[in-house]
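Visitor: Below is a structure I'd like to ask you about.
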Amino acid sequence: MQCVENRHESVIVVGLQGRMDSSTARIVEEKMISLIDRGESHLVVDCAQLDYISSAGLRVFLMAAKRLTQARGKLVLATMNDDVKQVFDMTGFSSIFKICGSKEEAINSYRQES
Amino acid sequence: MTMPERLELTIRNDLAEIARISERIDDFIAGHGLPAKLAFELNLALDELLTNVISYGYDDPGPHDIEVRCALADDVITLEMEDDGRAFDPFDAPPPDLTASIEDRSIGGLGVHLIRNLMTHTEYQRRDGRNVVILKKKTDL
Chain A
6 MQCVENRHES VIVVGLQGRM DSSTARIVEE KMISLIDRGE SHLVVDCAQL
56 DYISSAGLRV FLMAAKRLTQ ARGKLVLATM NDDVKQVFDM TGFSSIFKIC
106 GSKEEAINSY RQES
Chain B
22 MTMPERLELT IRNDLAEIAR ISERIDDFIA GHGLPAKLAF ELNLALDELL
72 TNVISYGYDD PGPHDIEVRC ALADDVITLE MEDDGRAFDP FDAPPPDLTA
122 SIEDRSIGGL GVHLIRNLMT HTEYQRRDGR NVVILKKKTD L
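In order, the protein sequence lines correspond to chains A and B.
According to my numbering, the first sequence holds residues 6 to 119 in order.
According to my numbering, the second sequence holds residues 22 to 162 in order.
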């Protein structure tokens, strides 16, 4: 599991690569916590290369969203493959997260707000 | 070489084993000409079960073996997982609230919810002091 961070003005894009399961979700959790702790509040997670997610991965997104809500920030997700999208749909997570079709669309969703 | 109708694997109680076993399931499903989506769904269900057992199932920190069996017969895949952890029926849990807001949402129960939704049949047995979970999925869905 790889987790790469890029800045686009006020937006931080975290690109995920590989399998996000119970043995790897901690890598993403530590990255998200470090971003939120240093005050980043406009986060995009790019799932274009995320091959797989289990409930251990969902837990990390929920934790990050809860912390960001307290900090008046937000988490937007982008470009999920069909398998990952199915997990979000089956658990109702599709209705609590904004999910964009592309990374650019996710970044632009912050520009329209500010 | 034709793909056998059964796959029998023994893994250690180590979360890193889950990715390894998923490759074997992928190969088994692909070898029978079945869709990758089916392999994904079987692997997710198995992952959720194994994660629970490996993370919470044992009273001691030592090594344990977990048996995983996968079989294809009459257009049904049967997955069995057998462990020597403490008695625990994963399906004896209330369903999660899938409509709560971010603030009120809890992660508990989502793994089992996924298993129930992905599989056509779920079953738990306590057999000779061991936990046996049986999952079935029709291949023509």
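Note that the Cβ used here is the ideal one computed from N, Cα and C, for glycine as well.
If you're wondering where the values come from, they're calculated on a predicted model, not measured in any experiment.
#1: Taking 8 Å as the threshold (C-beta atoms), are residue 63 of chain A and residue 128 of chain B in contact?
#2: Return the residues of the stretch 46 to 76 of chain A that lie within a Cβ-Cβ distance of less than 7 Å from chain B, sorted by chain order.
#3: Checking the sheet assignment: what are the DSSP bridge partners for residue 152 of chain B?
#4: Residue 55 of chain B and residue 160 of chain B: beta carbons closer than 8 Å?
#5: Whole beta strand (DSSP E) runs in the stretch 57 to 84 of chain A with 3 or more residues, listed along the chain?
#6: Go ahead and pull the three-state DSSP assignment for residue 135 of chain B.
#7: Which residues of chain A have a Cβ atom closer than 9 Å to the Cβ of residue 34 of chain B, listed in chain order?
#8: Which residues in the same chain have their Cβ closer than 6 Å to the Cβ of residue 210 of chain B, if we skip the five residues on either side of it in sequence?
#9: Which residue marks the beginning of the alpha helix (DSSP H) containing residue 44 of chain B, and which one marks its end?
#10: Hey, quick one: how far does the alpha helix (DSSP H) through residue 34 of chain A stretch, first residue to last?
#11: Give a yes or no on whether the C-beta atoms belonging to residue 55 of chain A and residue 9 of chain A are separated by under 8 Å.
#12: Taking Cβ positions only, does residue 61 of chain B come closer than 8 Å to chain A?
#13: Please state the DSSP three-state secondary structure of residue 59 of chain B.
#14: So which residues on chain A does residue 126 of chain B lean against when the C-beta distance must stay under 9 Å?
#15: Tell me the DSSP secondary structure of residue 126 of chain B in three-state form.
#16: Could you tell me if residue 126 of chain B is buried or exposed, where buried requires 16 or more neighbouring beta carbons within 10 angstroms of its beta carbon?
#17: Run through DSSP, which three-state label would residue 66 of chain B get?
#18: Is any beta-carbon of chain B found at less than 8 Å from that of residue 33 of chain A?
#19: Which runs of the beta strand (DSSP E) spanning at least 3 residues fall entirely within the stretch 92 to 118 of chain A, listed in chain order?
Guide: Working from what's here:
#1: Working through the second sequence from its first residue, we reach residue 128 of chain B at position 107. Working through the first sequence from its first residue, we reach residue 63 of chain A at position 58. A contact, by the Cβ cut-off of 8 Å.
#2: 59, 60, 61, 63, 64, 67, 70, 71, 74
#3: Taking the first residue of the second sequence as 1, we reach residue 152 of chain B at position 131. In DSSP, residue 152 of chain B forms a bridge with B/104, B/147.
#4: Here residue 55 of chain B refers to the residue found at position 34 of the second sequence. Here residue 160 of chain B refers to the residue found at position 139 of the second sequence. In this structure, residue 160 of chain B lies closer than 8 Å to residue 55 of chain B by Cβ.
#5: 79 to 83
#6: Against the second sequence, residue 135 of chain B aligns to sequence position 114. In this structure, residue 135 of chain B counts as helix in the three-state DSSP scheme.
#7: Taking the first residue of the second sequence as 1, we reach residue 34 of chain B at position 13. Result: empty, since nearest Cβ-Cβ is about 12 Å, beyond 9 Å.
#8: Only positions 22 to 162 of chain B appear in this structure, which leaves residue 210 of chain B out of reach.
#9: Numbered from 1 along the second sequence, position 23 holds the residue referred to as residue 44 of chain B. Start and end: 38 to 52.
#10: What you label residue 34 of chain A is simply residue 29 of the first sequence in a count that begins at 1. Its alpha helix (DSSP H) spans residues 30 to 42.
#11: By 1-based counting over the first sequence, the position of residue 55 of chain A is 50. By 1-based counting over the first sequence, the position of residue 9 of chain A is 4. It is not a contact, given that the beta carbons lie outside the stated cut-off.
#12: One-based indexing of the second sequence puts residue 61 of chain B at position 40. Interface residue, yes.
#13: Position 38 of the second sequence holds residue 59 of chain B. Residue state, collapsed to three classes: helix.
#14: The residue given as residue 126 of chain B occupies position 105 in the second sequence. Going along chain A in sequence order, the residues near residue 126 of chain B (Cβ under 9 Å) are 67, 70, 71, 97, 98, 101.
#15: If you number the second sequence from 1, residue 126 of chain B lands on position 105. DSSP places residue 126 of chain B in coil when its eight states are reduced to three.
#16: Within the second sequence, residue 126 of chain B is the residue found at index 105, counting from 1. Answer is buried; the Cβ neighbour count reaches 16.
#17: Here residue 66 of chain B is taken as the residue at index 45 of the second sequence, counted from 1. Note: residue 66 of chain B maps to helix in three-state DSSP.
#18: Taking the first sequence and counting its residues from 1, the one referred to as residue 33 of chain A is at position 28. Cβ-Cβ to chain B under 8 Å: no for residue 33 of chain A.
#19: 103 to 105
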